[in-house]
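Trainee:
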Amino acid sequence: MGRAWGRGLRGSHRVLVVDDHRIFAESLAAALAAEPDVEVSAAGSGPAALRCLERAAAEGRRFDVLLVDADLGVPAPDGRPAAPPVQAVDEDGAVDGISLVGGVRSAQPQVRVVVLAEKDDPARAALALQAGASGWVAKDCSLSRLLTVIRGVLRDETHLPPALLTGVLRELTAARRHRTESERLVESLTPREREVLRCMVAGLGRKAVAERLYLSPHTVRTHMQNVLGKLGVHSTLAAVALARRAGVGPVDLSGDVVERGGQLA
2 MGRAWGRGLR GSHRVLVVDD HRIFAESLAA ALAAEPDVEV SAAGSGPAAL RCLERAAAEG
62 RRFDVLLVDA DLGVPAPDGR PAAPPVQAVD EDGAVDGISL VGGVRSAQPQ VRVVVLAEKD
122 DPARAALALQ AGASGWVAKD CSLSRLLTVI RGVLRDETHL PPALLTGVLR ELTAARRHRT
182 ESERLVESLT PREREVLRCM VAGLGRKAVA ERLYLSPHTV RTHMQNVLGK LGVHSTLAAV
242 ALARRAGVGP VDLSGDVVER GGQLA
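Structure, rendered in structure tokens:
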């Protein structure tokens, strides 16, 4: 269900509904479009939503609010949606709702995102807020409640169900604590080890890192082992997860090599 569909009215607020259940998406879009100050469209997948956003921006008619299904995408074995990074999704790939929030906020930060959920989940609501969502709303809420949230986030308000507040605050506090510990561990790395870590976050293997940093594969292997040891983890995957918690992004693969000062060992 990769294509977009929808209807629109002339209005002051442009809303995009993103849900892979077409009947729900079209019904919600039709209900919202009945409002005199709302213009609404719908998309049935993450990639379709991103294409809608890009096309609207190119036409000078950006969306103001995205309503995103929390369970968008393909469910994982444990019942939660898979979460591939938005940047890695191809034309027909799946993007879960939380990942889409982060991708949209990164590409078009002026767009407000509200997550629509089947059930309240403090952990996932906290993840949505961390990704940049402005609200978390139950799918069975009234239309008037949803409109209140939409107009609220347009005033830079954050909306959560009262029953979720305590749990979300607990999750955010724990995440902040984990981030602080992760940042402390990353700070223990040397500048070269941090550069190697950024290459690991970008998914580069030992040979690619060696070529990029003008080091020998043996030296890169030593740096990688030192990174794992200092971070207290036993795999590249765990190191990358810790790095992301600490706010370490991937090295830019679009330009030239990162550094030219290293010597082959």
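Quick note on numbering: my numbering labels position 234 of the sequence shown as 235, and the sequence is numbered without any gaps. The C-beta atom is built at its ideal place from N, Cα and C for all residues, glycine as well. The model shown is predicted, which means the values in this text are computed figures rather than measured ones.
(1) Report the start-end ranges of each beta strand (DSSP E) in the stretch 95 to 135 that is 3 residues or longer and not cut off at the edges.
(2) So, with DSSP's three-state summary, where would you put Leu170?
(3) Please determine, among Ala247, Pro37 and Arg125, the residue with the shortest C-alpha to C-alpha distance to Arg171.
(4) Given a cut-off of 8 angstroms on the beta-carbon distance, is the pair Val150 and Ala134 in contact?
(5) Relative to the C-alpha of Ala175, which candidate in Gly250, Pro123, Val252 and Leu51 has its C-alpha closest?
(6) What's the gap between the Cα of Ala84 and the Cα of Val202?
(7) Is the CB-CB distance between Val112 and Leu67 below 8 angstroms?
(8) Between the C-alpha atoms of Asp157 and Leu214, what's the straight-line distance to the nearest angstrom?
(9) Would you list the residues sitting across from Ser143 in a DSSP beta bridge?
(10) Write down the C-beta distance between Leu73 and Asp20 rounded to the nearest angstrom, noting that I regard them as a contact closer than 8 angstroms.
(11) Once the 5 residues before and after Arg222 are set aside, which same chain residues still bring their CB inside 7 angstroms of it?
(12) Along the chain, where does the beta strand (DSSP E) that runs through Val19 open and close?
(13) Quick check on this structure: which residue in Glu188, Leu186, Leu190 and Met225 has the alpha carbon closest to the alpha carbon of Leu205?
(14) Take Asp70 as the anchor and find which of Leu186, Asp97 and Thr181 has the nearest alpha-carbon.
(15) Can you check whether the CB of Arg195 is closer than 8 angstroms to the CB of Val187?
(16) Which of helix, strand or coil does DSSP assign to Val249?
(17) Name the residue from Lys120, Leu243 and Cys142 whose alpha carbon lies nearest to the alpha carbon of Glu182.
(18) Do Val228 and Val210 have their CB atoms nearer than 8 angstroms?
(19) By the DSSP assignment, the alpha helix (DSSP H) with Ser42 in it spans what residues?
(20) Short check: CB of Leu54 to CB of Val41, under 8 angstroms?
(21) Whole angstroms is fine: what's the gap from Val283's alpha carbon to Ser107's?
(22) Pick helix, strand or coil for His160, following the three-state DSSP scheme.
(23) Using the Cβ count rule (16 or more neighbours within 10 Å means buried), how would you classify Gln264?
(24) So what's Leu216 in DSSP terms, helix, strand or just coil?
(25) Can you check whether the CB of Val16 is closer than 8 angstroms to the CB of Val39?
(26) Measure the Cβ-Cβ separation of His14 and Leu155 and say whether it is below 8 angstroms.
(27) Contact defined as beta carbons within less than 8 angstroms: I believe Leu173 pairs with Ala127. What is the distance between those atoms, to the nearest angstrom?
Mentor: Result, derived from the coordinates:
(1) Taking only runs of at least 3 residues, the beta strand (DSSP E) segments lying wholly in the stretch 95 to 135 are 113 to 118.
(2) Leu170: helix per DSSP, three-state reduction.
(3) Checking every option, the nearest Cα to that of Arg171 belongs to Arg125.
(4) By the CB criterion at 8 angstroms, Val150 and Ala134 fall outside the cutoff.
(5) Per the Cα distances, Pro123.
(6) Unreliable positioning characterises Ala84 in this predicted model, as indicated by a pLDDT of 36, which lies under 50. A coordinate reading is not provided.
(7) Going by C-beta atoms, Val112 is nearer than 8 angstroms to Leu67.
(8) Straight across, the Cα-Cα distance linking Asp157 with Leu214 is about 43 angstroms.
(9) Beta-bridge pairing links Ser143 to no other residue.
(10) The C-beta separation of Leu73 from Asp20 comes to about 7 angstroms, placing the pair in contact by the 8 angstroms criterion.
(11) Taking C-beta separations shorter than 7 angstroms and ignoring five residues to either side along the sequence, the partners of Arg222 in its chain run Arg207, following chain order.
(12) For Val19, the enclosing beta strand (DSSP E) begins and ends at His14 to Val19.
(13) Ranking the options by Cα distance to Leu205, first place goes to Met225.
(14) For Asp70, the closest C-alpha among the options Leu186, Asp97 and Thr181 is that of Asp97.
(15) For Val187 and Arg195, yes; Cβs fall inside 8 angstroms.
(16) Assigned with DSSP and collapsed to three states, Val249 falls in coil, not helix or strand.
(17) The shortest C-alpha separation from Glu182 is found at Leu243.
(18) Cβ atoms of Val228 and Val210: not closer than 8 angstroms.
(19) Ser42 -> not in any alpha helix (DSSP H); beta strand (DSSP E) instead, spanning Val39 to Ala44.
(20) No, these two residues do not count as a Cβ contact at 8 angstroms.
(21) Outside the displayed range of the chain (2 to 266) lies residue 283, so it cannot be described from this structure.
(22) DSSP places His160 in strand when its eight states are reduced to three.
(23) Reliability fails at Gln264, whose pLDDT of 35 lies under 50, so the model's placement of it is uncertain and the value that follows must be treated cautiously. Looking at its Cβ environment, which holds fewer than 16 other Cβ atoms inside 10 Å, Gln264 is exposed.
(24) In this structure, Leu216 counts as coil in the three-state DSSP scheme.
(25) Cβ atoms of Val39 and Val16: closer than 8 angstroms.
(26) Yes. Within cutoff.
(27) Indeed they touch by this definition, with Cβ atoms about 5 angstroms apart.
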